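For the sequence shown, my numbering gives the first residue as 45, with consecutive numbering after it.
No residue lacks a Cβ here, since even glycine has one placed at the ideal position from N, Cα and C.
Predicted model, so just to flag it, every value in this text is computed and none were measured.
Encoded as structure tokens, the structure appears first; notes follow it.
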Amino acid sequence: MPTGARKTWAQQLQQNHLVTIAMSCAIVGLSRCAYYYQPKLQDDSVIISVLNTITDRHLRWGFPKCFHRVTTP
Numbered sequence: 045m046p047t048g049a050r051k052t053w054a055q056q057l058q059q060n061h062l063v064t065i066a067m068s069c070a071i072v073g074l075s076r077c078a079y080y081y082q083p084k085l086q087d088d089s090v091i092i093s094v095l096n097t098i099t100d101r102h103l104r105w106g107f108p109k110c111f112h113r114v115t116t117p
């Protein structure tokens, strides 16, 4: 069973039956670490800076052309 579904079940148990987070996680078989986990966003600062330098040099290029230049080897 996917973690997202178990997390949803744990949240429903808390709302409907007034159980604690630890208890609801134990019931659905989910660790508390997985319950609190929030995925980290990828840091795109390098790509952003390269795109900014390309658009400064080539003012008439659109985003698809600039992005293609950055992502292709």
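Just how far apart, CA to CA, sit residue i and residue j?
i      : j      : result
TYR81  : THR47  : 10 angstroms
HIS102 : ASP87  : 25 angstroms
PHE107 : PRO117 : 17 angstroms
PHE111 : GLN59  : 45 angstroms
Residue range of the alpha helix (DSSP H) that residue i falls in?
i      : result
LYS51  : 47 to 61
HIS112 : 107 to 115
LEU95  : 89 to 101
Taking the beta carbon of residue i as the centre, do at least 16 other beta carbons fall within 10 Å, making it buried, or is it exposed?
i     : result
SER68 : buried
ALA49 : exposed
Determine, using beta carbons only, whether residue i and residue j come nearer to each other than 8 angstroms.
i      : j     : result
LEU74  : LYS51 : yes
TRP105 : THR97 : no
ARG76  : ILE65 : yes
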